[in-house]
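Step one of this worksheet: look at the structure below.
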Amino acid sequence: MVKRYQGPINDKEKSKQKLINAVGKVLESKGYVGLTVTNIAKEAGLDRRLITLYFDSVNNLVEIYFRKKDYWLDTLGDVKQMILENNSLEIKDIADVLLLNQLDYFNNNSELQKLVLWEISQKTYFVDSVSVEREQLASELFELIDTELEGKDIDLRAISALLVAGSYFMVLHSKSTKTPFCGIDINTSDGLKRIRSAISLVLDKTLSC
């Protein structure tokens, strides 16, 4: 069966997606210092001028890629809406799912690992922009949760910060050194299971008070 030509708009969208995908491939092979117009266009197999035509600049292109990969930007808004629509949801269950999924997503996504390393080592406008938006979404979610925890001596923000940061470090440490941390190798199924269980235990003990 002969494929029907979809027209210039379809071609444009395909080219844009190729360029977005190329950002990830360049990041994987060359690191964030390799995210240049030349490298991205070459990886995509497209004219470098298309980056300016479709995205205005390479920074805008990289920011779009960054936003697509960010777990929290993609998740927090949906969770907030779920809470607003369903008052019977347990905070403990929501936090458990959010943090365990975040650990799994980060552990299995080498591109996101490099983006997080970039975020903590390089100051750029679009990294700052994504961080600010992520914090705003998190703040809105925490404000909803605060109403459920009113009157309880529970600092869920601080506990969440430690669990998320700990997950990031465990994954980055294991991927770069291939060695255990505190005797736990998160590269193994048993090690990952132990960390997942620890996250659930901390949340259960905290939110059952």
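Residues are numbered in the working numbering as their position in the sequence shown, beginning at 1, plus a constant of 26.
A virtual CB, placed ideally from N, CA and C, is assigned to each residue, including glycine.
If the criterion is Cβ atoms closer than 7 Å, does the pair residue i and residue j meet it?
i: Phe132; j: Leu138; result: yes
i: Leu163; j: Leu102; result: yes
i: Leu143; j: Ser193; result: no
i: Ala48; j: Ile77; result: no
i: Ala70; j: Lys40; result: no
i: Ile120; j: Leu233; result: no
i: Val88; j: Arg74; result: no
How should residue i be labelled, buried or exposed, when 16 other C-beta atoms within 10 angstroms of its C-beta is the threshold for buried?
i: Lys42; result: buried
i: Leu167; result: buried
i: Val158; result: exposed
i: Leu20; result: Residue 20 lies beyond the residue range present for the chain, which begins at 27 and ends at 235; the question has no answer from this structure.
i: Phe92; result: buried
i: Ser83; result: exposed
i: Val190; result: buried
i: Ser165; result: exposed
i: Ile171; result: buried
Which residues bound the alpha helix (DSSP H) around residue i?
i: Phe195; result: 182 to 203
i: Ile146; result: 136 to 147
i: Tyr131; result: 117 to 133
i: Arg74; result: Taken as a continuous stretch (DSSP letters only), Arg74 belongs to no alpha helix (DSSP H), as it is neither H nor E.
Roughly how many angstroms separate the alpha carbons of residue i and residue j, rounded to a whole number?
i: Ile46; j: Arg160; result: 21 Å
i: Val105; j: Leu218; result: 25 Å
i: Tyr31; j: Gly57; result: Low local confidence applies: a pLDDT of 44 at Tyr31 is under 50, so the model's placement there is unreliable, with the coordinate-based value given in what follows. C-alpha separation (whole angstroms): 36 Å.
i: Val153; j: Gly50; result: 15 Å
i: Lys38; j: Ser136; result: 28 Å
i: Gly177; j: Ile109; result: 20 Å
i: Ile221; j: Asn127; result: 12 Å
i: Lys7; j: Leu124; result: Past the edges of the chain, shown from 27 to 235, lies residue 7, and the structure says nothing about it.
(message) Using 8 Å as the cut-off, can you tell me whether the region 182 to 193 makes contact with the region 222 to 231, which would need three or more C-beta pairs spanning the two stretches below that distance?
(response) yes
(message) Whether or not the region 210 to 226 and the region 90 to 107 are in contact is what I'm after, with contact meaning three or more pairs of Cβ atoms, one per stretch, closer than 8 Å; do they touch?
(response) no
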